[in-house]
Amino acid sequence: EPEVTQTPSHQVTQMGQEVILRCVPISNHLYFYWYRQILGQKVEFLVSFYNNEISEKSEIFDDQFSVERPDGSNFTLKIRSTKLEDSAMYFCASRRTSGGAYNEQFFGPGTRLTVL
Amino acid sequence: SQQGEEDPQALSIQEGENATMNCSYKTSINNLQWYRQNSGRGLVHLILIRSNEREKHSGRLRVTLDTSKKSSSLLITASRAADTASYFCATVGSSNTGKLIFGQGTTLQVKP
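Protein chains in written order, with the working numbering: chain A, 813 to 928; chain B, 100 to 211.
The following block contains the structure:
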């Protein structure tokens, strides 16, 4: 069964450093998302991506964040200058489209980002 | 903005019992979905119910939706120890991106 994969599973970085989190969505999916979950809190939407551009972003997704789909298979989230409060689990998700009806999203296993 | 609130926050039951989790939200929705998260792992989609549906079944899962009360419930029948996990409701609203807005979740412990 196809699945969303994410690398690395755990990333430790120093405050102020840049990190890139990588995701490979399911191949025939067209919508891509990043969410984050701070320890003990709920999952929060960061950004959605469709047709090679951001379709929606949350207030969390400020200028420090960017997303890219560089090669038609990978989907990346870059944080330019990490802060302590960026420490969280980051989930990538993808969704197919069918007849305009929204359907379920398939989530990757997550990348745990620890900013020291 | 819409927000799912779930209750209870934590639920502990014996294997074989039924577990009911509730979710409320604030704004109109296109659909409501339930996801499961095992400790430290990713989210697994369980079931989706559209705004024009009132009840849906999938195996041991039963979901209801009351749009007049802006609430949903997830019933897991004949629970098993393997059902131990956190359960989240997530709503999809009028945004055409399909983004999910998650609730706080219910932590379910099923004791063998």
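Beta carbons are placed, not taken as given, at the ideal position from N, Cα and C, and that holds for glycine.
**OP:** Closer than 8 Å by beta-carbon distance: list the chain B residues that pair up with residue 831(A), in chain order.
**Re:** By Cβ distance, chain B contributes nothing, its closest Cβ being about 19 Å from residue 831(A), past 8 Å.
**OP:** Give the DSSP-derived three-state secondary structure of residue 182(B) in the structure shown.
**Re:** Secondary structure at residue 182(B): helix, using DSSP grouped into helix, strand and coil.
Subject >> Cα-Cα separation between residue 836(A) and residue 845(A), rounded to whole angstroms >> reply: 11 Å
Subject >> Any C-beta of chain A under 7 Å from that of residue 197(B) >> reply: yes
Original post:
Where does the unbroken beta strand (DSSP E) through residue 901(A) begin, and where does it stop?
Top reply: 900-907
Original post:
Can you name the residues that DSSP bridges to residue 156(B)?
Top reply: Under DSSP, the beta-bridge partners assigned to residue 156(B) are 161(B).
Subject >> Per-residue DSSP class, three states only, for residue 865(A) >> reply: strand
**OP:** Please classify residue 928(A): does DSSP put it in a helix, a strand, or coil?
**Re:** Coil.
Original post:
Considering only the beta carbon of each residue, do residue 855(A) and residue 847(A) sit closer than 7 Å?
Top reply: yes
Subject >> Residue-chain proximity (residue 922(A), chain B), Cβ-Cβ < 7 Å >> reply: For residue 922(A), a Cβ of chain B is located within less than 7 Å of the residue's own Cβ.
Original post:
Three-state secondary structure (DSSP) at residue 851(A)?
Top reply: In the three-state scheme derived from DSSP, where H, G and I count as helix and E and B as strand, residue 851(A) is classed as coil.
**OP:** Tell me, please, whether the CB atom of residue 854(A) is closer than 7 Å to any CB atom in chain B?
**Re:** yes
Original post:
Does the distance from the C-beta atom of residue 115(B) to that of residue 920(A) stay below 7 Å?
Top reply: Taking C-beta atoms as the reference points, residue 115(B) and residue 920(A) fail to come closer than 7 Å.
Original post:
Skipping 5 residues on each side, what residues in its chain have a beta carbon closer than 6 Å to that of residue 100(B)?
Top reply: Annotation note: pLDDT 33 at residue 100(B) (below 50); position unreliable, no value reported.
Original post:
Around the Cβ of residue 189(B), are there at least 16 other Cβ atoms within 10 angstroms (buried) or fewer (exposed)?
Top reply: buried
**OP:** Would you verify that the beta carbon of residue 144(B) is, or is not, closer than 7 Å to some beta carbon of chain A?
**Re:** It does; some Cβ of chain A falls within 7 Å.
Original post:
Who does residue 121(B) pair with in a DSSP beta bridge?
Top reply: In the DSSP assignment, residue 121(B) is bridged to 106(B) and 172(B).
**OP:** Output the boundary residues of the beta strand (DSSP E) element that contains residue 65(B).
**Re:** Chain B is shown from 100 up to 211; residue 65(B) falls before or after that span and cannot be answered.
Original post:
If we ignore side chains and look at the alpha-carbon of each, how far apart do residue 924(A) and residue 889(A) end up?
Top reply: 13 Å
Subject >> Interface residues of chain A facing residue 162(B) [CB-CB closer than 7 Å] >> reply: Chain A residues near residue 162(B): none, gap ~13 Å exceeds 7 Å.
**OP:** Could you name the residues that DSSP lists as bridge partners for residue 209(B)?
**Re:** 112(B)
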